Amino acid sequence: MHLYVKHATLINNCYPEKEGEKRPRSSELSYLVFYASSRPVKLTKVGLFLEKKAERDFSKGRKQNNQVTLEIVKALIEACNRDLNLFSKYVVKIIDMMLETNDIEVIDLACQVFVMFTSHHDGSTLGVDAELTKDYEQLLEKFAAFCSYENVDDTLKLQNRYIGQRALQAAVHSSALQASDFKVQLKIILSPLIHTLSKSKNPANALAQSNNDDIDINQSAIGHETLNAHSVEIIAAKTTALLFSKANGIAVKLSLGPFFKFMDDNEKWWPANFAVSMMELALNSLQPQYRYLLVSEILQQLEAVKSVANADIYKIEKHASLVSILDTILNANIPLVGISVLEVLNSLFTDLIKSVQDFKRFRDKEPSSPADTQGILEYAIQQGLAHSIGGLASQTYYLNQLNDITGYIISTLRVGNNSIETIDGLPVKEYRNVVLKCLDLVTTASSTKESQKEDIESSDENTPIYNHAVTLDAWIPALGLLTEKTSSETRVGFAFTLVHYLEATSENEIAIEPYPKHTLNQHGDVMLVNALHQSILDWIQLPNIDVHDIGAIHMVLSALTRKFGVDETIKAVPLVFKIQELVKQTLIQHTTRQRAVAAIVVEWLSMVGGFYRIDSLIQYADTLKSERSRLNEYSPVFLEPSTKDNFDKLEDLEPNNTTPVDKFADRKLVVQMLSKDGPLRDEDDTEGTDLETKLMMEWGSDDYINHDRSYRIRTSRNLNDLKAKLATPWTHTEVTRNEPGKKQTIRVENLKEALIGQTQQQQNDVSGIQSLTNACLGKRPNETVSDMSSLLQSLSLDTDISK
């Protein structure tokens, strides 16, 4: 009883006698703290007495005593934090009682005590002590309720919400978060955070990244001069970011659960701004090894949404929002280590095709009217999925990733199946239009990444990085689209995609130097150029080429020249004059088509002259063009851009003009200008004769083919050839010839012969090393190991070496 009176007396002495004093008596408090810290075993009784006293003061409304009690608890936590578990449950109960006082000063002080408590509490007693666990979770729920506190007094409302956010952030900082039932605490804490951020006019991710040094959860709400609603939102965003940063493995899924539930319950999926900003916050906060789980969770949500054309608008809104989230994540400049690229690609592409089936169209342009909600959602879904596919190409996770992605997309084009009318329930033309859109986005992303890689390599030559580019030979299986007989739109669409990639991966400005730089030195590049030249020749002879085909052919030829420079120009001259020969020999039917095809040659010559700054060639092409125009031999395809846009068929451009082409380009003159006036000659070809020979070759001739084989091809090195190898194949020595499990015998006759042979060997004084070399490299006889001669020779070798 005496011991009880001792600690009770010490506690009672801390309370001031005068009214209005809010703090304990300092000397008595010091004595109490010394008593508790020097006798930790008494902390349980101290805590129990403080709880009972707080309960009596609370029931009688003694505000002053409540404040003193909180100050005493605060001092004890600070001084006895190593033994906090001895009285932690009493601290929790006292704080819980103080939150019921409805007095902002007491509540604010209780929050300060809780912030200090969580900073020292390791949570080791949570989950073990069921009563403490229940009380702690109830306390968190009360603080969470403060986050949405409502009152007509804006100042009081702001202070209470600030207190709630401070307490939740303190709880997240605490080690106790993951020491007990993480799922329960997560549900309590995350919901008010999401609710607060959903009301903000600022993106959640921007709030989390804001640098505001004025915000400190240790600062009291009373007298906080800079406190405002924005400060509360920043605390909520930073707490959410902290929560995601502590999530690992299954906790990522648990953390996203409350978010998805909130969005479903409140139908907040569209507009997608809030959902996207929250997922950006999560992406930036998660540990790098868990970021890919975001994609998996979003894809699962996407699978659950059965979006069809006649579905309710809410499901379509959710579908569009989830796609917008995926688009943002996959196109963020943040690697998703561990992501299954091809599985995600297949899921995205399947969903894209299904959306086209459901909505009966592929929206390439956003509806102009804001009232067209259905159209806006369809556009967001389809373009978002296509852009997400492109986003997979923005990061490299393994070697040849881009080739795998490109190969997958090209395989879906079903090149060569000209007899089919539908693919996956869609008309072939529409289906391929969707696929080409995806292909263009992938190659664009890869070319952008390639330029970034070149910048990195230029700044640090030792930086290891994957070759993040689609190799040109990956395009070869798709070249059949250029000769697709049924659809000009498909031919031109693929040509534009290819040109887009060639231009994006070409050097921005090629410096014209006295001697050429040879860039066509990769085996895959040469294969593509050869296949593409042949495809162009077949393409130009199709009976249904139109205005857009002619423009596309010229674009492809020009893009190849800008990509490969001199090497492509030398290979293209025979092709271009082969095209002109087709017109001369009237293998191209109809005069309108003849004029259009012949105009390609002139436009190409003009482009080459401008590319290499050959004024004579430019002037020659302009003169030839003017002469043909004067004689009505030049196609309007390259003369009047505004006119050709109104027509598709070549025959509709000049229905009354039947003039055939009579003025052709002089090949010898063109070759002379290229070899004499242009920077195409190699340094050792001083007279240009070798260049002229190459330029005068006939397309498809033996000389042309042999010249093509003479290109210096640089292929990827076989890494196995670079590995160190033993110069002598030790594995083929006599020891390996023993067959396991076979009993070996030595006969007396063999032993005698071996001894005689050994004596002769020593007399000949043959080097042991030479004997070993001959033994290893020479052909082995078929005798059994019972012949001991080789064994004794080896023993002799050991003896000689040891000497």
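With positions in the sequence shown counted from 1, the corresponding number in this note's numbering is that position plus 8.
Backbone N, C-alpha and C fix where the C-beta goes; we use that ideal spot for every residue, glycine too.
On a predicted model such as this, the values are computed, not experimentally measured, just so you know.
Separation of residue j from residue i, as counted between CA atoms
i: residue 317; j: residue 144; result: Interpretation of residue 317 is limited by its pLDDT of 47, a score under 50 that renders its predicted location unreliable; no figure is taken from the coordinates.
i: residue 721; j: residue 570; result: With a pLDDT of only 47 at residue 721, under the threshold of 50, the placement of this residue in the model should not be trusted; the figure read from the coordinates follows. In a straight line, the C-alpha of residue 721 is about 20 Å away from that of residue 570.
i: residue 630; j: residue 637; result: 10 Å
i: residue 563; j: residue 582; result: 18 Å
i: residue 105; j: residue 152; result: 15 Å
i: residue 642; j: residue 332; result: 49 Å
i: residue 662; j: residue 600; result: 7 Å
i: residue 285; j: residue 213; result: 5 Å
i: residue 63; j: residue 109; result: 11 Å
i: residue 230; j: residue 119; result: 12 Å
i: residue 25; j: residue 38; result: 17 Å
i: residue 622; j: residue 615; result: 10 Å
i: residue 113; j: residue 125; result: 18 Å
i: residue 326; j: residue 190; result: 28 Å
i: residue 175; j: residue 86; result: 18 Å
i: residue 292; j: residue 72; result: 46 Å
i: residue 533; j: residue 369; result: 36 Å
i: residue 556; j: residue 524; result: 33 Å
i: residue 706; j: residue 479; result: 29 Å
i: residue 165; j: residue 196; result: 21 Å
i: residue 423; j: residue 559; result: 22 Å
i: residue 515; j: residue 529; result: 16 Å
i: residue 724; j: residue 404; result: Since pLDDT at residue 724 reaches only 43, below the 50 mark, its modelled position is unreliable, and no value is offered.
i: residue 60; j: residue 68; result: 13 Å
i: residue 678; j: residue 526; result: 21 Å
i: residue 27; j: residue 70; result: 11 Å
i: residue 276; j: residue 223; result: 29 Å
i: residue 497; j: residue 440; result: 10 Å
i: residue 695; j: residue 680; result: 11 Å
i: residue 95; j: residue 390; result: 59 Å
i: residue 209; j: residue 88; result: 44 Å
i: residue 777; j: residue 531; result: Bear in mind that a pLDDT of 40 at residue 777, under 50, signals an unreliable position, so the number given afterwards is only what the model happens to contain. Roughly 45 Å between the two C-alpha positions.
i: residue 268; j: residue 92; result: 37 Å
Residue i - partner residues in DSSP beta bridges
i: residue 588; result: According to DSSP, residue 588 bridges with nothing at all.
i: residue 435; result: 430
i: residue 134; result: 137
C-beta contact flag for residue i and residue j at 8 Å
i: residue 2; j: residue 263; result: It is not possible to answer for residue 2, since the shown part of the chain is limited to 9 through 811.
i: residue 50; j: residue 43; result: yes
i: residue 446; j: residue 357; result: yes
i: residue 193; j: residue 240; result: no
i: residue 508; j: residue 577; result: no
i: residue 242; j: residue 220; result: yes
i: residue 184; j: residue 130; result: yes
i: residue 66; j: residue 15; result: no
i: residue 55; j: residue 99; result: yes
i: residue 81; j: residue 102; result: yes
i: residue 612; j: residue 565; result: yes
i: residue 1; j: residue 186; result: With the chain running from 9 to 811 in the structure shown, residue 1 is simply not present.
i: residue 610; j: residue 591; result: no
i: residue 282; j: residue 355; result: no
i: residue 150; j: residue 107; result: yes
The region 536-544 touching the region 623-631, judged by at least three CB pairs closer than 8 Å: no
The region 74-87 touching the region 25-42, judged by at least three CB pairs closer than 8 Å: The region 74-87, when compared against the region 25-42, does touch it at the 8 Å Cβ threshold.
Inter-stretch contact (C-beta, 8 Å, three-pair minimum) for the region 360-378 and the region 333-347: no
Inter-stretch contact (C-beta, 8 Å, three-pair minimum) for the region 684-693 and the region 657-674: no
Ranges of the alpha helix (DSSP H) found wholly within the region 65-99, counting only runs of at least 4: 71-87
Cβ contact check for the region 477-490 and the region 399-419: 3 or more pairs under 8 Å: yes
Sufficient close CB pairs (3 or more, under 8 Å) joining the region 290-299 to the region 359-368: no
The region 672-679 in contact with the region 551-559 per 3-pair CB rule at 8 Å: no
Length-filtered (4 minimum) alpha helix (DSSP H) runs lying within the region 101-174: Taking only runs of at least 4 residues, the alpha helix (DSSP H) segments lying wholly in the region 101-174 are 112-128 and 138-154.
Stretch pair the region 338-353 + the region 406-416: three plus CB contacts closer than 8 Å: By the Cβ criterion, the region 338-353 is in contact with the region 406-416, since at least three pairs of Cβ atoms, one from each stretch, lie closer than 8 Å.
Secondary structure, beta strand (DSSP E): runs of 3+ residues fully inside the region 189-271: If we require 3 residues or more, the region 189-271 turns out to have no beta strand (DSSP E) run fully inside it.
Those runs of the alpha helix (DSSP H) which lie wholly inside the region 337-401 and span at least 4 residues: The qualifying runs are 349-367 and 381-399.
Whole alpha helix (DSSP H) elements within the region 547-577, 4-residue minimum: Correct list: 555-572.
Every unbroken alpha helix (DSSP H) inside the region 600-631 [4 residues or more]: List check, alpha helix (DSSP H) in window: nothing returned.
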